[in-house]
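Asker: Residue numbers for the sequence shown follow my numbering, beginning at 1 and rising by one.
Built from N, CA and C at the ideal position, the CB exists for glycine as well.
Being a predicted model, the structure only gives us computed values, none of them experimental.
This structure is in structure tokens; I'll ask about it shortly.
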Amino acid sequence: MLSAQPFQDFIQANRLFEPSDKVLLAISGGRDSVLMAHLFKSLGYSFGLAHVNFQLRAEASDADEAFCKALAAQLEVPFYRTSFHTQSHAESYQISIQMAARDLRYQWLEELRAVQLYDFIATAHHQNDSVETILMNLVRGTGLSGMHGILPKRGHLVRPMLAFTRAQIEEMVEQEQITYREDASNQSTKYVRNKIRLEIIPKLKELNPALEATFEANARRFAELEELLQERVNVLKNEWMLPDQAGNIKLSLQALQQLKPLNTLLFELLRPYGFSAQVLEQLMASWNGHPGKVFESASHQILLDRDFLILSPIEQGAIPDKLIANMDGDWNWGKLSFKVNLVDAKDFVLHKNPHIAQIDADLLQFPLRVRAWRTGDFFHPLGMKGQKKLSDFLIDQKVPLSQKKQIAILENGNGDIIWIAGKRMDERYKVTENTKKVIILEQEQEHVS
């Protein structure tokens with residue numbers, strides 16, 4: 001019989017859930033989640049299996065789903081499944097496949113948990129996953145929250161397999177002759193996590209064979225330090241960050257500048273509003289002598305006043321993206337109308353009207369995308385050398401924050417910004433002496449849908 005005592009001890013020590021709770025197990029068909037299901041069964045817990053088919057590996061994805069369904073029948077527990085067009089989701093939101101899969105999976109699991117009245121969701125992350133996460137965070141840059149790795153419990157999410165290392169899981173699966181599905185992509189080093197697991201960690205284990213145990217002990221210490229930090233941050237929030245009726249918060253510059261350690265506390269105070277460390281560094285570099293400057297996250301803005309930082313929410317409700325498959329006809333985006341003409345370069349007449357874009361047709365890669373401004377956008381303004389952040393350009397153009405999301409951004413199929421409609425074209429797409437065909441786009445008056 002499967003020895004589940006260390007597993008049970010870990011659940012009890014970390015107070016993951018009570019024996020009477022219902023737990024929804026996220027199952028992929030891989031070794032880790034399949035062993036977790038068998039451990040839950042051996043301990044008599046009440047649970048169900050939930051599987052996501054990401055449609056990324058053709059027949060193999062369908063075979064994974066069939067395996068998980070059969071396992072649920074074998075264990076005599078409920079089985080839930082869903083599928084997503086993960087590739088399309090990643091392209092639409094311009095995120096990685098891994099991020100798209102993660103977002104879709106967790107959103108569905110939480111919805112399923114609430115509807116089916118489960119108390120918790122369990123994923124099969126183990127100690128090696130936590131080590132990999134910490135190393136990834138270190139490479140990318142992180143604060144204390146990135147140093148504690150994967151926590152055993154956060155809200156409705158529990159990770160009982162953190163009781164084991166990967167080697168321990170492999171040994172248990174082999175001893176019990178438990179069948180599972182192998183994902184060939186786990187051996188590909190094109191993914192950052194796989195590269196760390198397959199190439200970096202083996203080198204570190206040469207220096208410290210007990211690497212997982214060391215990282216686990218370090219992670220506990222960092223988690224405790226984070227608790228201390230959050231206690232201090234919560235005191236400051238309660239004293240300083242009470243919004244007015246419009247949701248605006250005024251922070252005294254003099255009080256902020258006296259914080260110690262300044263960088264860490266300012267980051268923790270403003271991180272919930274989406275501000276990155278880089279933006280906050282720019283803010284601190286500007287707050288002595290640059291009143292009126294605005295700093296933005298995806299959801300909020302900070303206005304640098306003479307004596308205060310004024311934090312306020314950004315008006316939401318951006319117009320959805322629109323794909324343009326060809327330039328055969330006029331089109332609309334939100335309330336904006338665009339007229340299209342294709343002419344020979346020999347018939348071309350130069351316009352200096354910012355509401356008219358004249359584009360070298362041969363440089364277009366379809367489908368084009370019409371969308372709103374995004375954090376991190378940059379382009380090469382017509383008539384200027386080099387690139388410029390779009391947020392800085394719009395500030396220079398004195399565009400009110402409330403109007404930024406209403407400006408149409410024309411994006412080429414390769415990701416380049418071609419035109420800030422009504423403002424400026426990109427230098428790279430202008431008409432030159434080598435141009436043969438010219439696309440003329442004219443932004444007309446707002447139309448009524």
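#1: Determine the direct distance from the alpha carbon of residue 442 to that of residue 329, and round the result to whole angstroms.
#2: Leaving out five residues before and five after residue 436 in sequence, what residues of the same chain have Cβ atoms less than 6 angstroms from its Cβ?
#3: Hey, is the segment 393–400 in contact with the segment 340–355, meaning 3+ C-beta pairs nearer than 8 angstroms?
#4: Identify, in the order they occur along the chain, each residue of the same chain with its Cβ nearer than 6 angstroms to the Cβ of residue 130, setting aside the five sequence neighbours on each side.
#5: From the DSSP output, which residues share a beta bridge with residue 122?
#6: Please state the DSSP three-state secondary structure of residue 182.
#7: Ignore the nearest five residues each way along the sequence and tell me which others in residue 408's own chain have a CB closer than 6 angstroms to its CB.
#8: Taking just the CA atoms, how far does residue 52 sit from residue 105?
#9: To the nearest angstrom, report how far apart residue 194 and residue 29 are at their CA atoms.
#10: What alpha helix (DSSP H) runs, 4 residues minimum, are completely inside the segment 77–146?
#11: Grouping DSSP H, G and I as helix and E and B as strand, with all else coil, what is residue 153?
#12: Go through its chain and collect everything with a Cβ distance to residue 307's Cβ below 6 angstroms, but skip five positions before and after it.
#13: Our contact map puts residue 79 next to residue 48 with C-beta atoms below 8 angstroms; I'd like the distance itself, whole angstroms only.
#14: Going by DSSP, which residues form a beta bridge with residue 357?
#15: Which residues in the same chain have their Cβ closer than 8 angstroms to the Cβ of residue 141, if we skip the five residues on either side of it in sequence?
#16: I need the boundaries of the alpha helix (DSSP H) containing residue 65, first residue and last residue.
#17: Counting C-beta neighbours from all protein chains within 10 Å, is the total for residue 447 16 or more, i.e. buried, or is it exposed?
#18: In whole angstroms, what separates the C-alpha of residue 178 from that of residue 41?
#19: Residue 54: buried (16+ other C-beta within 10 angstroms of its C-beta) or exposed?
#20: Going by DSSP in three states, residue 301 sits in which element: helix, strand or coil?
#21: Determine, using beta-carbon pairs with one atom in the segment 203–216 and one in the segment 262–272, whether at least three such pairs fall under 8 angstroms.
#22: Can you check which of these residues, 38, 107, 103 and 91, is closest to residue 73 by C-alpha distance?
#23: According to DSSP, is residue 19 helix, strand or coil?
#24: On the DSSP bridge assignment, give the partners of residue 342 in chain order.
#25: The alpha helix (DSSP H) that contains residue 6, what's its start and end?
#26: Pick from 108, 114, 24 and 226: whose alpha carbon is nearest that of residue 147?
#27: So residue 70 packs on residue 50, CB below 8 angstroms; how close in whole Å?
#28: Touch check for the segment 159–173 and the segment 124–138: three-plus C-beta pairs under 8 angstroms?
#29: Going straight from the alpha carbon of residue 14 to that of residue 120, what length do you get?
#30: Specify, as a first and last residue, the run of the beta strand (DSSP E) that residue 250 falls within.
#31: Counting C-beta neighbours from all protein chains within 10 Å, is the total for residue 366 16 or more, i.e. buried, or is it exposed?
#32: So, is residue 284 buried or exposed, given that buried needs 16 or more other C-beta atoms within 10 angstroms?
#33: According to DSSP, is residue 235 helix, strand or coil?
#34: Could you pull out every unbroken beta strand (DSSP E) segment of at least 3 residues lying fully inside the segment 389–433, listed in chain order?
#35: Looking only at its own chain, which residues have a Cβ that is under 7 angstroms from the Cβ of residue 291, when we skip the five neighbours before and after it?
#36: So if DSSP puts residue 371 in a beta bridge, which residue, or which two residues, is it bridged to?
Answerer: From the atom records:
#1: Along the sequence shown, read from residue 1 onward, the residue named residue 329 stands at position 329. Along the sequence shown, read from residue 1 onward, the residue named residue 442 stands at position 442. Spanning the two alpha carbons is a distance of roughly 12 angstroms.
#2: By one-based count along the sequence shown, residue 436 stands at place 436. Hits under 6 angstroms: 345.
#3: no
#4: Taking the first residue of the sequence shown as position 1, residue 130 is located at position 130. These residues qualify, in order along the chain: 149 and 150.
#5: To locate residue 122, count along the sequence shown from 1; it is residue 122. Answer is 25 and 158, bridged to residue 122.
#6: Start at 1 with the first residue of the sequence shown, and residue 182 comes out as number 182. Residue 182 falls in the coil class under three-state DSSP.
#7: Start at 1 with the first residue of the sequence shown, and residue 408 comes out as number 408. Same-chain partners within the cutoff: 333, 336, 370 and 421.
#8: As a first step, residue 105 must be located in the sequence shown, where it is residue number 105. As a first step, residue 52 must be located in the sequence shown, where it is residue number 52. Each residue's Cα considered, the two are about 7 angstroms apart.
#9: One-based indexing of the sequence shown puts residue 194 at position 194. One-based indexing of the sequence shown puts residue 29 at position 29. Whole-angstrom Cα-Cα distance: 18 angstroms.
#10: 86–93, 97–116 and 127–140
#11: Stepping through the sequence shown from its first residue, residue 153 is reached at position 153. Reduced to three states, the DSSP call for residue 153 is strand.
#12: Here residue 307 refers to the residue found at position 307 when the sequence shown is read from its first residue. Cβ neighbours of residue 307 beyond the five flanking positions: 253.
#13: As a working mapping, residue 79 is identified with position 79 in the sequence shown. As a working mapping, residue 48 is identified with position 48 in the sequence shown. Their Cβ separation, rounded to whole angstroms, is 7 angstroms, which keeps residue 79 and residue 48 in contact under 8 angstroms.
#14: Residue 357 sits at position 357 when you count from the first residue of the sequence shown. The partner list for residue 357 (beta bridge, DSSP) reads 441.
#15: Taking the first residue of the sequence shown as position 1, residue 141 is located at position 141. Closer than 8 angstroms at the Cβ level, and outside the excluded window around residue 141, lie 277.
#16: The residue given as residue 65 occupies position 65 in the sequence shown. Note, residue 65: alpha helix (DSSP H), 59–75.
#17: Walking along the sequence shown from the start, residue 447 turns up at place 447. Because residue 447 sits at a pLDDT of 43, beneath the cut-off of 50, its placement in the model cannot be relied upon, and the point is left open.
#18: Your numbering for residue 178 matches position 178 in the sequence shown. Your numbering for residue 41 matches position 41 in the sequence shown. If I take the Cα positions, the gap works out to 13 angstroms.
#19: Position 54 of the sequence shown, counted from the start, is the residue given in the question as residue 54. It is buried - the Cβ of residue 54 has at least 16 other Cβ atoms within 10 Å.
#20: To locate residue 301, count along the sequence shown from 1; it is residue 301. DSSP places residue 301 in strand when its eight states are reduced to three.
#21: no
#22: The sequence position of residue 73 within the sequence shown is 73, counting from 1. Nearest C-alpha to residue 73: 38.
#23: As a working mapping, residue 19 is identified with position 19 in the sequence shown. Here residue 19 sits in coil by DSSP.
#24: One-based indexing of the sequence shown puts residue 342 at position 342. Bridge partners of residue 342: 439.
#25: For the purposes of this step, residue 6 is identified with residue 6 of the sequence shown, where counting begins at 1. It spans 5–13 - the alpha helix (DSSP H) in which residue 6 sits, taken as one unbroken run.
#26: Counting from one through the sequence shown, the residue named residue 147 turns up at place 147. Selected option, being the one with the closest Cα: 226.
#27: In the sequence shown, counting from the first residue as 1, residue 70 sits at position 70. In the sequence shown, counting from the first residue as 1, residue 50 sits at position 50. Not a contact, Cβ separation roughly 15 angstroms.
#28: yes
#29: Within the sequence shown, numbered from 1, the residue matching residue 14 stands at position 14. Within the sequence shown, numbered from 1, the residue matching residue 120 stands at position 120. So the alpha carbons of these two residues sit roughly 14 angstroms apart.
#30: In the sequence shown, the residue the question calls residue 250 occupies position 250. 249–252 is the span of the beta strand (DSSP E), which, as asked, contains residue 250.
#31: Sequence index remark: in the sequence shown, residue 366 carries index 366 (1-based). Exposed, because fewer than 16 other Cβ atoms sit within 10 Å of the Cβ of residue 366.
#32: In the sequence shown, residue 284 corresponds to position 284, counting from 1. It is exposed - the Cβ of residue 284 has fewer than 16 other Cβ atoms within 10 Å.
#33: Within the sequence shown, the letter at position 235 stands for residue 235. Residue 235 falls in the helix class under three-state DSSP.
#34: 409–411 and 417–420
#35: Counted from its first residue, the sequence shown places residue 291 at position 291. Cβ within range, chain order: 304, 305 and 306.
#36: Start at 1 with the first residue of the sequence shown, and residue 371 comes out as number 371. Answer is 409, bridged to residue 371.
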